[in-house]
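**Q** Pasting a structure here, questions to come.
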Amino acid sequence: MIPFALRSPETGNPLRADRPHSLADEETGARWPVIDGIPYLRVNRAALIERVLAHLDAGEPDEALAALLADQDDWWTGPAADPGDVRQLVKARATATLRDAVRLLGWGRVGDYFLHRWSDPTYLAGLALLEAHWNEPTCVFEFACGIGHYLRELKRRGHKVAGADVVFAKLWVARHWVVGDKAQLVCFDAGSEHWPIQGAPVDLVICNDAFYFLDDKPRLLECLRQTAGDDGWLAISHIHNAESPGFSAGRAVTAEDIAELFPDALVYDDAELTRALVEARAPGPREPGDLRACEAFSVVAGPGMRPAPRAVIDGLTLPPAGTELHLNPLYQPDEGGGFTIRWPSERYEAEYARLVTYPPHSEGPETLRFTGVPEAAESDRVRRREFVDLPERW
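Here the sequence shown is numbered in the UniProt record's numbering, starting from 1 and rising by one per residue.
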């Protein structure tokens with residue numbers, strides 16, 4: 001766990017534990033709830049915070065948790081989570097699967113992406129970006145970490161990890177189904193007046209498929225660079241290109257924006273990173289102006305990055321030796337005795353079918369023990385995510 005010092009997002013004052021379930025502003029006394037070790041530091045949520053703290057102070061932790069699990073980000077356009085479903089998940093959290101959690105939280109198409117992100121081509125691009133510039137960081141912080149896909153890969157390899165997201169429910173799911181309890185997780189808004197994590201510069205700061213959402217990108221980038229310290233580096237992947245049509249909400253950027261925001265960066269076409277992973281080679285960076293047709297940019301920046309990319313052969317892009325892998329759950333049995341891709345939604349198919357690395361058909365088997373040998377034939381099936389490394393309670 002990375003020992004970040006926490007500060008109030010409203011005042012910037014240090015926060016201290018005043019009770020087992022809350023933090024308090026050392027000067028004003030304003031309190032913030034903490035559930036399952038996850039501080040909730042969102043601004044403009046005063047009524048919700050008051051209600052959650054009242055439940056916690058009264059010895060009603062499940063009621064407090066249910067209230068926070070219903071909170072969403074400002075981009076959310078789906079229906080609110082059903083209160084009965086949320087209460088059911090709270091009661092069954094020790095035995096429920098990740099699929100149960102996604103369904104009961106009412107995440108809809110966002111849940112589809114989370115459940116299948118282990119083979120999402122944009123997720124693979126982020127892994128390839130990290131591996132191509134890997135320099136054995138000790139501490140890693142992920143901004144907008146979602147349910148912790150990247151944090152899981154890093155933590156299991158011995159790195160200290162921390163993550164932040166604006167949606168408490170995503171962090172809570174990360175804690176219970178994906179990452180575990182050996183990670184510091186903090187819920188806060190990127191647009192807070194004061195950046196609430198202080199005091200522990202890390203070696204690597206990562207952000208995947210989220211940077212384009214933020215309004216004040218220069219200010220956020222300044223905060224991320226401060227978190228990386230004088231010697232760390234940034235890996236920011238899948239930044240939507242405003243000149244290319246796409247499926248996501250948010251505020252995409254242009255090639256000129258990338259050049260201005262990241263003057264010290266190596267810049268990649270996201271799709272090039274995914275191809276490099278499958279082909280076990282080094283990805284090729286380009287000048288931003290040469291990437292106007294790409295769907296999304298990826299960048300590495302900062303003094304700690306490797307000066308040139310290395311071949312994406314092993315490391316983060318392949319699971320540890322001995323891991324039991326599962327046939328990608330997008331495959332379903334077909335009449336011929338094999339397996340065929342069945343998309344979870346038309347939206348998912350429209351966004352990813354033309355980009356995926358796995359074949360439309362597979363002969364199985366349903367499980368595979370990975371030897372860890374990059375040159376083995378099975379490794380190609382793992383690189384293209386025909387087989388995936390799923391959490392225990394997927």
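Even for Gly, the Cβ is constructed at its ideal location relative to N, Cα and C.
If you draw a straight line from the alpha carbon of Arg219 to that of Arg19, how long is it in whole angstroms?
**A** About 33 Å.
**Q** Mind checking which residues open and close the alpha helix (DSSP H) that includes Asp223?
**A** One point to set straight first is that residue 223 is Cys, not Asp, in the sequence displayed. Run containing Cys223: Lys217 to Ala228, per the alpha helix (DSSP H) assignment.
**Q** How about Gly302 and Gly232: are their beta carbons less than 8 Å apart?
**A** Contact: yes.
**Q** Ordered along the chain, which non-local residues of its own chain (more than five positions away) have a Cβ less than 8 Å from that of Pro288?
**A** So the list reads Ala255, Glu256, Ile258, Ala259, Val267 and Phe297, once near-sequence residues are dropped.
**Q** In whole angstroms, give me the CA-to-CA distance for Arg157 and Ala47.
**A** Taking the straight line joining both Cα atoms gives about 40 Å.
**Q** Let me confirm a value: Lys182 is counted as buried when at least 16 other C-beta atoms fall within 10 Å, else exposed. Which label applies?
**A** Under this definition Lys182 is an exposed residue.
**Q** Please classify Gly37 as buried or exposed, where buried requires at least 16 neighbouring CB atoms within 10 angstroms.
**A** So Gly37 counts as exposed.
**Q** What residue from Thr367, Thr95, Ala353 and Glu26 has the CA that sits closest to Ser119's CA?
**A** Taking only the C-alpha atoms, the option nearest Ser119 is Ala353.
**Q** What does Asn241 pair with, by DSSP beta-bridge criteria?
**A** DSSP lists Val253 as partners of Asn241.
**Q** Are Arg93 and Ser345 touching if we call contact CB-CB under 8 Å?
**A** Contact flag unset, no.
**Q** Report the start-end ranges of each alpha helix (DSSP H) in the stretch 5-88 that is 4 residues or longer and not cut off at the edges.
**A** List check, alpha helix (DSSP H) in window: 46-57 and 61-69.
**Q** Among the candidates His326, Ala280, Thr323 and Ala377, whose CA atom is the shortest distance from the CA of Pro309?
**A** With distances taken between Cα atoms, Pro309 lies closest to Ala280.
**Q** For Ile147, which of helix, strand or coil comes out of DSSP?
**A** It is coil, neither helix nor strand.
**Q** If you follow the beta strand (DSSP E) that Ala183 is part of, which residue opens it and which one closes it?
**A** That run of the beta strand (DSSP E) goes Ala183 to Phe188.
**Q** In terms of alpha-carbon separation, which member of Ala242, Ser192, Lys170 and Gly304 lies closest to Arg225?
**A** That would be Gly304, whose Cα lies nearest to the Cα of Arg225.
**Q** Which stretch, first to last residue, makes up the alpha helix (DSSP H) that contains Phe114?
**A** Start and end: Gly108 to Leu115.
**Q** Measuring CA to CA, which of Val382, Trp107 and Glu10 is closest to Pro79?
**A** Comparing Cα-Cα distances from Pro79 to each of Val382, Trp107 and Glu10, the minimum goes to Trp107.
**Q** Judging by CA-CA distance, which residue of Ser362, Asp85 and Ala132 is the nearest neighbour of Ala282?
**A** Comparing Cα positions, the closest option is Ala132.
**Q** Quick one: grab the DSSP three-state call for Phe123.
**A** The question names Phe, yet the displayed sequence has Tyr at residue 123. The answer is helix: DSSP assigns Tyr123 an H, G or I state.
**Q** Beta-carbon separation of Asp270 and Glu243 under 8 Å?
**A** Cβ atoms of Asp270 and Glu243: not closer than 8 Å.
**Q** Hey, out of Trp75, Trp76, Asp74 and Val102, whose CA is closest to Val86's CA?
**A** Ranking the options by Cα distance to Val86, first place goes to Val102.
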